[in-house]
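A.B. asks: First to last, the protein sequences are chains A and B. Under our numbering, the first residue of the first sequence is numbered 9, with each subsequent residue one higher. Under our numbering, the first residue of the second sequence is numbered 48, with each subsequent residue one higher. Yeah, the Cβ is synthetic: ideal placement off N, Cα and C, and Gly gets one too.
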Amino acid sequence: MNRQGAGVLRLKSRPSVVAWHAHVGRKEKQGPLGSWFRYYSEDTTLGESSWELAESRLQQLAFEGATAACTLQPDTLLGGDLQNQCTAGAYAARRTALPYVGLYGACSTMAESLALASLLVDGGYSGCAAAVTSSHFCSAERQFRFPLEYGSQRPPQSQWTVTGAGCALVAPHREGRPYVEQVMFGRIIDLGITDINNMGAAMAPAAADTIMNFFKDTGSSPGDYDAVYTGDLGEIGSRLLLRLLERAGYNLTNHQDCGLMIYDRATQRVGSGGSGCGCSASVLCGHLLPRLCSGELGNILFVATGALMSTTLFQQGESIPGVAHLLNIRGC
Amino acid sequence: MELSKEEYKVLVSKTMPHSKVLRDCAMAFLVGGIICAVGEGIGELWSLLPTVTPGKAATLTSASLILLSGLLTGFGVYDRISRVAGAGTLVPITGFANAVVSPALEFKSEGFVLGTGAKMFIIAGPVIVYGTAASVLAGIVYGLAKAVSL
């Protein structure tokens with residue numbers, strides 16, 4: 009049994025992330041990680057006629073970039089995004105002739121797809137699996153909030169959806185490449201948050217739950233890792249996560265949040281930070297994987313969180329369920 | 048998670064940032080006031096025309112502000128002003144125009160019938176519905192009050 013405790017899955021063959029590619033928008037390029045994002049589009053329409061197609065194009069660019077950086081050709085594609093019915097992924101996959109697994113984990117989709125891709129490779133069911141995830145500010149705004157030109161004020165707890173996509177290719181273990189050692193799928197946790205503008209607060213308990221269970225099941229502690237990266241908790245969610253872990257006796261001094269890393273909150277008017285499944289995807293594929301590959305990072309936890317509500321259920325007064333999936337990725 | 052919803056609610060409320068109410072009110076007052084002053088100016092200009100009565104000047108002023116707001120929405124300027132002005136751009140008639148024009152533009156990718164046509168009133172629709180209902184109620188109350196006083 010490769011299962012430890014409540015749900016830590018140990019990947020005995022240690023599948024490697026052999027190639028990666030991130031493609032972001034202009035605002036993300038202008039952020040603190042700008043120098044890491046080599047591929048970006050000035051024009052957020054990416055030459056397409058709608059925002060939905062623009063996001064689909066982002067996924068396609070990320071996928072093509074990753075496959076071009078690798079001699080292996082993927083045999084399975086796992087993708088997801090924030091659009092209704094996950095259309096950005098499915099429409100981008102039209103151009104590939106690969107078996108396609110569409111996933112929805114909201115902003116946790118990068119961890120979800122990468123974990124599943126790693127398991128497919130570890131189980132010997134895939135020689136190379138691609139995990140690709142995207143979000144686009146404009147397609148998310150019109151689906152979840154207001155039209156772009158509508159004049160409204162954002163509350164300070166709201167977050168800014170990242171325009172970006174990331175793709176990572178997983179293959180059997182290879183020296184000189186980061187590898188996935190353990191994964192853990194999170195439970196749905198709902199502590200009654202009903203404010204659709206406060207995603208960080210909705211997701212923080214799920215992140216805390218997954219991280220605590222992982223430490224418990226593996227017998228490890230925060231100090232065993234170079235850093236613990238959460239997906240897009242933002243400022244409020246990050247503070248809540250630390251408080252929740254503190255209550256449970258864990259002092260997470262090495263925590264970083266992709267949503268806080270990707271934008272400069274002081275100058276870029278993004279509220280509590282970045283969000284969307286392209287947030288953790290582009291930070292992982294544009295920043296973390298290269299640093300793991302260069303040896304700058306040796307052992308990290310990547311915990312992408314998702315708020316699994318829909319506008320329909322939110323309008324019906326339901327609270328927001330959160331989920332967090334975890335990967336333990338080791339450097340070269 | 049060994050934490051009740053009530054306990055978490057308290058924790059969240061302690062962590063929540065507060066809106067800058069004073070600054071927001073001041074900006075709303077300032078920008079809203081400027082829009083009204085512009086309206087006054089436009090009204091004065093219309094009144095200069097010999098054929099325009101004061102009643103007509105008021106109607107033409109509203110129409111002019113709606114046109115201006117629609118243009119600024121189309122050029123992507125209105126939402127930028129609203130970011131700092133808040134209720135200052137929402138309350139005047141220009142806010143209503145913005146609420147109609149912005150979805151009309153946004154959803155034109157789904158076609159003129161099911162996109163622009165169907166979604167145009169997605170934000171302003173409730174205002175029209177409850178505005179009309181409120182005016183009917185007010186009319187009934189007014190009518191009854193008048194009947195009783197007679």
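#1: In chain A, what lies closer than 8 Å to B:I128 by C-beta?
#2: Whose C-beta lies closer than 8 Å to the C-beta of A:T95 among residues of the same chain, with five residues either side of it excluded?
#3: Are A:A173 and A:G286 close, meaning C-beta to C-beta below 8 Å?
#4: Interface residues of chain A around B:K56 at Cβ under 9 Å?
#5: Since B:E153 and A:R150 should fall inside the 8 Å C-beta cutoff, what is the C-beta to C-beta distance between them, to a whole number of angstroms?
#6: What is the C-beta distance between A:K37 and A:F45, in whole angstroms, given that I count them as a contact (C-beta under 8 Å)?
#7: I want to know whether the stretch 111-128 of chain A touches the stretch 134-152 of chain B - three or more CB-CB distances under 8 Å.
#8: In the DSSP output, what is A:G340 paired with across the bridge?
#9: Which bits of chain B does A:L156 rub up against, with CB to CB less than 9 Å?
#10: Could you check how far apart the C-beta atoms of A:A27 and A:L248 are, in whole angstroms? I think they sit under 8 Å.
#11: Going by beta carbon distance, what residues of the same chain come within less than 6 Å of A:L252, once the five residues before and after it are set aside?
#12: Specify the secondary structure class of A:I196 as computed by DSSP and reduced to three states.
#13: Around the Cβ of B:T179, are there at least 16 other Cβ atoms within 10 angstroms (buried) or fewer (exposed)?
#14: How long is the line joining the alpha carbons of B:I92 and A:G284, rounded to whole angstroms?
#15: What does a CB cutoff of less than 6 Å around A:F225 pick up in its chain, not counting 5 residues either side in sequence?
#16: Since A:I337 contacts A:A210 with CB under 8 Å, what's their CB separation in whole angstroms?
#17: Spatial neighbours of A:D198 within its chain, please: CB distance less than 6 Å, with the 5 preceding and 5 following residues excluded, ordered by chain position.
#18: Quick check on the DSSP output: the beta strand (DSSP E) that includes B:V124 runs from which residue to which?
#19: Looking at the C-beta of B:M63, does it have a partner C-beta in chain A at a distance below 8 Å?
#20: Run through the DSSP bridge pairs and tell me what A:R11 is partnered with.
#21: If you check the beta carbons only, do A:S246 and A:H263 fall under 8 Å apart?
#22: Check each candidate in A:N92, A:A30, A:S318 and A:L297 and name the one with the smallest Cα separation from A:L66.
#23: Where B:A151 and A:E157 are concerned, what is the direct C-alpha to C-alpha distance, given to the nearest angstrom?
#24: Here's the rule I'm using: 16 or more other beta-carbon atoms within 10 Å means buried, otherwise exposed. How should A:R185 be labelled?
#25: If we define contact as Cβ-Cβ less than 8 Å, is A:A209 a contact residue for chain B?
#26: Would A:S57 count as contacting chain B if we go by Cβ distances under 8 Å?
#27: Against A:I244, what residues of chain B qualify as contacts under a CB-to-CB distance less than 9 Å, listed in chain order?
#28: Is the Cβ of B:K103 closer than 8 Å to any Cβ of chain A?
#29: Could you pull out every unbroken beta strand (DSSP E) segment of at least 3 residues lying fully inside the stretch 55-97 of chain A, listed in chain order?
#30: Let me make sure I understand the geometry here. Which of A:T218, A:Q68 and A:E254 has the alpha-carbon closest to that of A:Y237?
#31: Residues of the stretch 130-153 of chain A in Cβ contact with chain B at a cutoff of 8 Å, in chain order, please.
#32: Interface residues of chain A around B:K52 at Cβ under 7 Å?
#33: Starting from the beta carbon of B:G142, find every residue of chain A whose beta carbon is closer than 8 Å, and list them in chain order.
#34: At 8 Å on the CB atoms, spell out the chain B contacts of A:Q165, in chain order.
#35: Enumerate in chain order the residues of its own chain whose CB-to-CB distance from B:V131 is below 6 Å, with the five nearest sequence positions on each side excluded.
#36: Check the C-beta distance from A:L260 over to A:L250 and give it rounded, since I have them as a contact under 8 Å.
C.D. replies: So, from the listed chains and residues:
#1: Residues of chain A with a Cβ closer than 8 Å to the Cβ of B:I128 are, in chain order, G159.
#2: Once the five neighbours on either side are set aside, the close Cβ partners of A:T95 are E60, S64 and D89.
#3: The answer is yes: Cβ separation under 8 Å.
#4: In chain order: L199, G200 and I201.
#5: At roughly 6 Å, the Cβ-Cβ gap stays under 8 Å, so B:E153 and A:R150 are in contact.
#6: Sure, about 5 Å apart at Cβ, within 8 Å.
#7: Touching, no.
#8: A quick correction: the sequence has Cys, not Gly, at residue 340 of chain A. Answer is none; A:C340 lacks a bridge partner.
#9: Here the neighbours are G123, D126, S149, L152 and E153.
#10: Contact between A:A27 and A:L248 does not hold, since the beta-carbon distance rounds to 35 Å and is not under 8 Å.
#11: If we look at A:L252 and ignore the five residues flanking it on each side, its Cβ neighbours are A216.
#12: DSSP places A:I196 in coil when its eight states are reduced to three.
#13: By the neighbour-count criterion, in which a residue is buried when 16 or more other Cβ atoms sit within 10 angstroms of its Cβ, B:T179 is exposed.
#14: Note on residue identity: the sequence assigns Leu, not Ile, to residue 92 of chain B. Answer to the nearest angstrom: the Cα atoms are 49 Å apart.
#15: Residue 225 of chain A is actually Asp in this sequence, not Phe. Closer than 6 Å at Cβ, skipping near neighbours: Q12, G13, A14 and V16.
#16: With a Cβ gap of about 26 Å, A:I337 and A:A210 do not count as contacting.
#17: Hits under 6 Å: S327 and P329.
#18: For B:V124, there is no enclosing beta strand (DSSP E), as DSSP marks it with neither H nor E.
#19: With 8 Å as the cut-off, B:M63 counts as an interface residue toward chain A.
#20: A:R11 pairs with A:L17.
#21: Less than 8 Å divides the Cβ of A:S246 from the Cβ of A:H263.
#22: Of A:N92, A:A30, A:S318 and A:L297, the smallest CA-CA separation from A:L66 is found for A:A30.
#23: In this structure, the alpha-carbon of B:A151 lies about 10 Å from that of A:E157.
#24: In summary, A:R185 is buried, with 16 or more beta-carbon neighbours lying within 10 Å of its beta-carbon over all protein chains present.
#25: Contacts with chain B at 8 Å (Cβ-Cβ) include A:A209.
#26: At a cut-off of 8 Å between C-beta atoms, A:S57 counts as an interface residue with respect to chain B.
#27: Neighbours of A:I244 on chain B, chain order: V59, T62, M63 and P64.
#28: No, B:K103 lies away from the interface with chain A (no Cβ there is under 8 Å from its Cβ).
#29: As far as the stretch 55-97 of chain A is concerned, its whole beta strand (DSSP E) runs of at least 3 residues are 84-88.
#30: Minimum Cα distance to A:Y237 is reached at A:T218.
#31: Those residues of the stretch 130-153 of chain A that come within reach of chain B (Cβ to Cβ, closer than 8 Å) are R150.
#32: Neighbours of B:K52 on chain A, chain order: L199 and G200.
#33: By Cβ distance, chain A contributes G159.
#34: Within chain B, the residues whose beta carbon sits less than 8 Å from that of A:Q165 are M63 and P64, listed in sequence order.
#35: Excluding positions up to five away in sequence, the list reads M74.
#36: With 8 Å as the limit, A:L260 and A:L250 qualify as a contact, their Cβ atoms being about 6 Å apart.
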